[in-house]
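Mapping the sequence shown onto numbering that gives the first Met the number 0, position 45 (from 1) lands on 44, and the numbers just tick up by one.
Every residue gets a Cβ at the ideal spot worked out from N, C-alpha and C, and that includes glycine.
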Amino acid sequence: MARVEITARALSDLERLFEFKAERNPRKARKQLLSVRRALELLADHPLLGRDAEDGRRELILLRGRDGYIAKHRWLPAEEIVLILAVRHHREAGYSEE
Numbered sequence: 000m001a002r003v004e005i006t007a008r009a010l011s012d013l014e015r016l017f018e019f020k021a022e023r024n025p026r027k028a029r030k031q032l033l034s035v036r037r038a039l040e041l042l043a044d045h046p047l048l049g050r051d052a053e054d055g056r057r058e059l060i061l062l063r064g065r066d067g068y069i070a071k072h073r074w075l076p077a078e079e080i081v082l083i084l085a086v087r088h089h090r091e092a093g094y095s096e097e
């Protein structure tokens with residue numbers, strides 16, 4: 000089983016997405032955050048889950064109702080680590096600070 004690590008940038012993305020949703024519906028924001036975290040944990044058992052992206056990275060699509068998120072990640076097989084690089088809402092044009 001691989002270890003899932005979340006970069007500071009991805010953690011900042013999750014906080015930003017949570018705060019945006021919490022302004023309108025704090026309860027739903029908490030449920031969505033838990034759902035996203037659970038989905039990211041699937042990568043421990045399935046590190047190549049998701050679609051191919053650039054430079055050996057992958058994108059995991061996380062859907063919950065009308066909201067969806069995309070997590071960019073990289074599998075580091077030598078270290079057995081799945082590194083979560085960034086997370087965005089599926090309607091955002093790109094990842095923050097790209």
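Residue from the options whose Cα sits closest to the Cα of residue i
i           : options        : result
residue 184 : 61, 20, 17     : The shown model of the chain, from 0 to 97, leaves out residue 184, and the question about it has no answer.
residue 52  : 0, 84, 3       : 84
residue 57  : 44, 68, 46, 72 : 72
Three-state secondary structure (DSSP) of residue i
i          : result
residue 79 : coil
residue 9  : helix
residue 44 : coil
residue 29 : helix
Residue i to residue j span [Cα, whole Å]
i          : j          : result
residue 77 : residue 23 : 43 Å
residue 88 : residue 59 : 12 Å
residue 27 : residue 48 : 26 Å
residue 14 : residue 66 : 16 Å
CB contact flag (residue i, residue j, <8 Å)
i          : j          : result
residue 42 : residue 81 : yes
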